Structure formats: C-alpha cells, structure tokens
Amino acid sequence: MSNLKETNSDDRIMSAIAHGAILLPMWGTIAAIIIWVTQKEKSEFVRQQAMQAIAWQVSQIVIMFFGMACYMCSFLTMIPFAETMETSSSGFPFFLIIPFGSMGFMMVSMLAFIVVGIVAAVRTLQGRPFTYPLIGRRIENYLAQ
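In the numbering used here, the protein residues as written are 352 to 496.
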C-alpha cells in the first residue's frame with residue numbers, strides 16, 4: 352500500500368466514512384460496502400481502505416454474534432448450579448462469573464473494535480493508508496490478486 356498515489360480530499364473523506372461507520376453497528380458495514388461498490392473504480396486508495404473497513408466490521412459482527420451465543424449458553428449452564436445452590440448459603444455464587452465475564456469480554460472487544468476503527472478513520476482522513484491488525488495484510492494480498 353505504500354505505492355499509492357497522492358490522495359485528494361474526496362478520497363480521504365470517503366475512506367474515513369467507511370472506517371468511521373463502525374459506530375453504526377451492522378449499518379456501518381452496509382455503508383462501507385456501498386462506498387466500496389461506488390468508489391472502487393474511481394480510487395485505489397478508497398478501494399483498499401473501504402475493503403479493510405468491510406473486513407474489520409464483518410469481524411466485529413462475527414465476534415458479537417459469537418459472544419452473544421456464549422453469553423446465552425452460559426445462562427443455560429447456570430441453571431443446574433442455581434438449582435443446587437442452597438437458599439441460605441452465604442457464599443458468593445461463583446457460577447455468575449461465567450455469564451457476566453463473557454458479557455464483559457464482549458463489551459471490551461467491541462470497544463476495542465470501535466477505537467481501532469476511529470483511529471483508522473482519522474489516519475485515512477489525514478491521507479495515510481491504514482492496515483488493521485490481524486486481517487489487514489490478508490486484505491491487501493487479496494486485493495493485489
């Protein structure tokens with residue numbers, strides 16, 4: 352991505368919108384797809400950045416659904432523990448850690464996704480290409496084919 356030509360302000364704005372759309376869960380992915388479809392022939396910078404944003408936002412959605420599935424399953428596994436717990440027990444119900452821990456992990460990961468998306472929006476608004484951690488190089492290789 353280092354050999355991209357100088358970007359104009361329209362390219363930077365469209366790329367920043369694609370990345371910043373992560374603030375609108377699920378709708379942001381649709382916005383990034385629309386930007387990619389409408390701009391991919393016009394600007395290589397926007398094409399690459401919008402595809403990065405799409406992949407990042409799809410990853411966020413997948414992790415969100417996986418986290419919700421784990422959260423719901425943890426409640427199902429809590430039922431046997433809740434039934435065996437004595438009502439007069441004064442001990443801490445450690446089985447509650449599982450669902451609330453999974454919800455906490457999901458909230459922290461969603462916050463991390465949003466923060467990285469905002470950083471990407473700011474960097475592309477400055478005209479600098481952004482590559483997401485873990486998936487960015489794969490997207491670059493895919494687009495280079």
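For glycine and all other residues, C-beta sits at the position ideal for the given N, C-alpha and C.
Bear in mind that the values here come from a model prediction, so they are computed numbers and not experimental data.
Looking at 419, 371, 422, 418, the one whose alpha-carbon comes closest to that of residue 401 is 371. In terms of Cβ geometry, residue 373 and residue 399 do not form a close pair [threshold 8 Å].
Per DSSP, the unbroken alpha helix (DSSP H) holding residue 491 starts and ends at 487 to 495. By the C-beta density criterion, residue 360 is exposed, having fewer than 16 other C-beta atoms within 10 angstroms. Contact between the segment 446 to 453 and the segment 464 to 472 is absent: fewer than three C-beta pairs spanning the two stretches fall below 8 Å. By the C-beta density criterion, residue 458 is exposed, having fewer than 16 other C-beta atoms within 10 angstroms. The C-beta distance from residue 403 to residue 478 rounds to 15 Å, too long to meet the 8 Å contact threshold. In the structure shown, the three-state DSSP call for residue 481 is coil. When DSSP states are grouped into helix, strand and coil, residue 447 belongs to the helix group.
The alpha-carbon separation between residue 382 and residue 447 amounts to approximately 38 Å. For residue 390 and residue 426, the gap between their C-alpha atoms comes out near 45 Å. With a beta-carbon spacing of about 7 Å, residue 412 and residue 380 fall inside the 8 Å limit used to define contacts.
The residue from 405, 376, 484 with its alpha-carbon nearest to that of residue 388 is 405.
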